[in-house]
Amino acid sequence: MKRTIRTTALTVGALIAALGLQAGPAQAVSGTPRIDLRVLVVSDGGPATDAITAELASEGTPFTEVDLTTGSRPTIDAGFLADTVAGRARAKYQAVVLPNDNPFAAGSAEMSALAAYEQTYGIPQVDAYTYARPQAGLQVPTTGGYSGSVDGVQAQVTAAGKAGPFGYLKGAVPFEDNSPTVGESYAYLSTPAPGADFTPYVQATIPGTTTQGSLVGEYRHDGRRELVITFVYNQYQQQFRLLARGIVDWMTGGVHLGSSRNYFAVHVDDVFAADDRWDTQLNCTPGDVDCTNSSGTPSPIRMTPADVDYAAAWEQSHNFTLDLAFNGSGSVDQRTDNNGVDQLADKFIADRNQFRWINHTYTHAFLGCEQDTTVVPWKCETNPDGSTQWVSRQTIDDEIANNRAWGQTNGLPLDNTELVTGEHSGMRILPQQPDDNPNLGPALTDSGVKWLGADASRDPAQRQVGPAATVARYPMNVFYNAGRASEEADEYNWLYTSRAQGGSGLCEDNPTTTTCLPAPLDTSTGYQDYIVPLESRIDLGHVLSNDPKPHYIHQSNLAEDRIAYPVLNGVLDGYNGLFAANTPLVNLRMKDIGTELQRRTAWTNALNAGQVTAYRIGNTVTVQAPSGTYTNATLPTGSTYYGLGAFGSAYGGELSGWTASFGLAQTFTLPAAAPAATPGTHGHTHPAATAPAPRTRLPKGVSKQVPYAPRHQVRHSSQH
382 MKRTIRTTAL TVGALIAALG LQAGPAQAVS GTPRIDLRVL VVSDGGPATD AITAELASEG
442 TPFTEVDLTT GSRPTIDAGF LADTVAGRAR AKYQAVVLPN DNPFAAGSAE MSALAAYEQT
502 YGIPQVDAYT YARPQAGLQV PTTGGYSGSV DGVQAQVTAA GKAGPFGYLK GAVPFEDNSP
562 TVGESYAYLS TPAPGADFTP YVQATIPGTT TQGSLVGEYR HDGRRELVIT FVYNQYQQQF
622 RLLARGIVDW MTGGVHLGSS RNYFAVHVDD VFAADDRWDT QLNCTPGDVD CTNSSGTPSP
682 IRMTPADVDY AAAWEQSHNF TLDLAFNGSG SVDQRTDNNG VDQLADKFIA DRNQFRWINH
742 TYTHAFLGCE QDTTVVPWKC ETNPDGSTQW VSRQTIDDEI ANNRAWGQTN GLPLDNTELV
802 TGEHSGMRIL PQQPDDNPNL GPALTDSGVK WLGADASRDP AQRQVGPAAT VARYPMNVFY
862 NAGRASEEAD EYNWLYTSRA QGGSGLCEDN PTTTTCLPAP LDTSTGYQDY IVPLESRIDL
922 GHVLSNDPKP HYIHQSNLAE DRIAYPVLNG VLDGYNGLFA ANTPLVNLRM KDIGTELQRR
982 TAWTNALNAG QVTAYRIGNT VTVQAPSGTY TNATLPTGST YYGLGAFGSA YGGELSGWTA
1042 SFGLAQTFTL PAAAPAATPG THGHTHPAAT APAPRTRLPK GVSKQVPYAP RHQVRHSSQH
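Mapping of the sequence shown onto the numbering used here: position 603 corresponds to residue 984, and the numbering continues sequentially without gaps.
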């Protein structure tokens, strides 16, 4: 049975006894107010508000965070929320995110100020994770509802949700169930309270009934709107990732800075070369510097013409293009050893326009320091004065130029600004080589390289190497030295089981490793039954995180058992089962991914420096950003840019994209039907703010603090 930490349910009597506070009249607003495009997040340090701030940061949407756990935080009052600019009333925040429907003590002046602000300016409120109760528009769970684990539950977007903020989803919202022993998700399922104006957007069946209970819904009352979320989550869980875009769109009315898309690109390294094979007896790879217990019997893995046909047909059937990182010398060596014959290269060259191509250097040489491989692990050779011996600039030039010449001679459609070096060499690699090869940058200048592949597991952030910006690539846990499923499972067992189980003991020596196995996999079934679903889930998690970084595998994984395809199918089929046709996967080539990352960095830096001003007055949005940056925004379909034409491109039922900023104010015109804030009228009272929602304990498996940044009392930021 699963272990869960259950939340103590409050009795109905206890809820009725909760005290509310009386509210004063809302302030009148004369004329159309200015609404700044910034979100206020009031956080209690829990995972739900942290998840929403992480989503805002990922999209590039500015926010201010007030941490309720910090005594020196600012007071939320009328002056904190609104003021006047050039004689026009200004709302400083277009939306408010609270940890629950009311995180303040009974009689709180801060909750009263927030309620008045929301009503006066038509500002929506997100209740990040709240108890189902009448104050949130729902019946308490003890009235025919449910409180408890929802691991493995298949929730559904309602018709209203599809017509509203979650129209990018096909319908299903599966809740993760990754462990049979750990509770991962906890929720309150309930129906609308009698008389409440409540519309469920995402719901699931209440256990033991045929009744649907709300998980996400909109509660309208007394001139205010709340998005009521009654399940706990963190930023990494799939159920949140599926709904995150819609939560932001709901709170902003689809008008906000920043954007979100789902990206997936796959690089296939070592094309034309042959990859060394894992030896299941030696537990190492003959040919690698660390395989010292025996030379073994070389049995390299290389694709065949039939594998090319399969790859091309797979691409066509999945509407997806692979990026092939090639080494021309692999074909030259094959022809030398086979009387000029290389059927693989002939087939690839004939079908060259079915793929995208990336220069992976001519021989796949190591381009960092000169390696001393007489010791394990290897170390850098040194000069007599103790300085590092570096691979020369000329050698790097030749590796790039010779491979480019081979590709051009054979008609490959190359982009010469892209490069992936063998093993990402030339760049720093710890612990042996803490610095980039100083000859790498000048060689990239010689070759006109602007985009350089990096390993996201060791160099995740984009940075400059000479004239080139790095493009970090996620390594898939489908090993380069495995062409057969049994080899993959055998090596997996070696890496991720204990010494007592016949493994390497890596997990014993590195307790933070998360892929450790409780017992060895069956080598005949372990790949398909365990590794494929795990890797597919990890990779799909990247896709759903608005992360454009590509993934990479090796040509060996498209040969023999073709073990990469089950993982790729898991990602693509899983995605297609979740998203509507208006939200396709974005499959970019390397230079376009690099450009996206570069623009995001500049945009985030400008936001963090307070150099971006953005606001809405009626159906006009004005944005001013520093010259040289690109403005990132999401707007409703039909929006125009400077009145000259459509803004951005369609995605997820909206328009989004980048526009060049020249340091001047940019103007966007929204369609007449775009939802707008509706200010309250003088004398209209806002609703009574009630006592705080009952505190809920988090289920085991949901972290309270997400350790991606130190916390501050107030944070003005677009990222953490």
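Backbone N, C-alpha and C fix where the C-beta goes; we use that ideal spot for every residue, glycine too.
Between Asp630 and Arg601, the C-beta gap is not smaller than 8 Å, which leaves the two residues out of contact. Annotated three-state conformation of Leu925 is coil, per DSSP.
Looking at the backbone, the Cα of Gly864 and that of Gly829 are separated by about 35 Å. The distance from the Cβ of Gly634 to that of Tyr582 is about 15 Å, inconsistent with a contact at the 8 Å cut-off. Shown here, Gln520 sits in coil according to DSSP, grouped into three states, outside any helix or strand.
Linking Ser710 to Leu1045 through their CA atoms gives a straight-line distance of about 51 Å. Between Met857 and Asp942, the gap from beta carbon to beta carbon reaches 8 Å or more. In the structure shown, Gln584 falls within a strand segment according to DSSP collapsed to helix, strand and coil. Residue pairing by DSSP puts His637 in a beta bridge opposite Thr1015.
Here Gln992 carries a coil assignment [DSSP, helix/strand/coil].
Taken through DSSP and simplified to helix, strand or coil, Ile504 comes out as coil.
Its chain contains Arg774, Gly847 as the residues whose beta carbon lies nearer than 7 Å to that of Pro823, once the 5 sequence neighbours on both sides are disregarded; these appear in chain order. Comparing alpha carbon positions, the residue from Leu800, Trp771, Thr755, Thr769 closest to Tyr743 is Leu800. Secondary structure within the segment 717-772: the alpha helix (DSSP H) runs of 4 or more consecutive residues, fully enclosed, are 724-731 (chain order).
Pro555 is bridged by DSSP to Gln535. By the criterion of a C-beta distance shorter than 6 Å, Leu898 is surrounded in its chain by Tyr877, Thr878, once the five residues flanking it on both sides are discounted. Straight across, the Cα-Cα distance linking Asn950 with Ser917 is about 8 Å.
In the structure shown, the three-state DSSP call for Ile998 is strand. In the three-state reduction of the DSSP assignment, Asp603 falls in the coil class, being assigned neither a helical nor a strand state.
Rounded to the nearest whole angstrom, the C-alpha separation of Thr592 and Thr524 is 12 Å. Residues of the same chain with a CB within less than 6 Å of the CB of Ala459, apart from the 5 flanking positions on each side, are Ala494 in chain order. Closest option to Gly545, judged by alpha-carbon separation, among Leu624, Ala536, Glu499: Leu624. Residues of the same chain with a CB within less than 6 Å of the CB of Ala706, apart from the 5 flanking positions on each side, are His648, Asp650, Ile739, His741, Val801 in chain order. At the C-beta level, Tyr614 and Ala435 stay beyond 8 Å of one another. Cβ contact annotation for Tyr691 (same chain, cutoff 7 Å, sequence separation greater than five): Arg943, in chain order. For Phe461, no beta strand (DSSP E) segment is defined; the enclosing uninterrupted segment is the alpha helix (DSSP H) at 459-462. Between the C-alpha atoms of Ala1027 and Ser1020 there is a straight-line separation of about 6 Å. In the displayed model, Asp817 falls within coil according to three-state DSSP, outside both helix and strand. For the segment 660-720, the continuous beta strand (DSSP E) assignments of 3+ residues that do not extend past its boundaries occur at 704-707, in sequence order.
Annotated as proximal: Tyr1032 and Arg642, with beta-carbon spacing under 8 Å.
Phe860 and Asp431 have their C-alpha atoms some 34 Å from each other. Sixteen is the threshold: since fewer than 16 other Cβ atoms of the shown chains lie within 10 Å of the Cβ of Arg880, the residue is exposed. Between the segment 526-534 and the segment 549-568 there are three or more C-beta pairs closer than 8 Å, enough to call the two in contact.
Taking all protein chains shown into account, Asn862 has 16 or more neighbouring C-beta atoms within 10 Å of its C-beta and is therefore buried.
Pro414 sits buried, since 16 or more C-beta atoms from the chains shown fall within 10 Å of its C-beta. Buried is the label assigned to Thr1015, since at least 16 other Cβ atoms lie within 10 Å of its Cβ.
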